[in-house]
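Position one of the sequence shown corresponds to residue 41 (the working numbering), numbered consecutively onward. All C-beta atoms, glycine included, are put in the ideal place defined by N, C-alpha and C. First comes the structure, then the notes that go with it.
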Amino acid sequence: MYKEITRIALHFIMFIVSFYCLSSLDIAKILLPVENRVAKAQFLVILLSMALGFLSAQFILAIIYRF
């Protein structure tokens, strides 16, 4: 029971941390200089933060539960 709660909480926390880190980058200015594509750049930040949060949470869970 506690493993599932820990796993879900860690994934959520790592998603928030990765979103906070990626939101400091101005991806709209770097990737898409056109003004009407800002929403697509924000969606890209959300998808990248989900992927980075998942990978970092899986890494931490592997360290915690394998050793």
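- For the pair ALA79 and ILE67, the CB atoms are not nearer than the 9 Å cut-off.
- The C-alpha of LYS43 is placed about 29 Å away from the C-alpha of VAL85.
- If you ignore the 5 residues before and after ARG47, its C-beta comes within less than 7 Å of the C-beta of LEU101, all in its own chain and listed in chain order.
- A Cβ-Cβ contact shorter than 9 Å links PHE55 with ALA97.
- A straight line joining the alpha-carbon of ALA49 with that of GLY93 spans about 12 Å.
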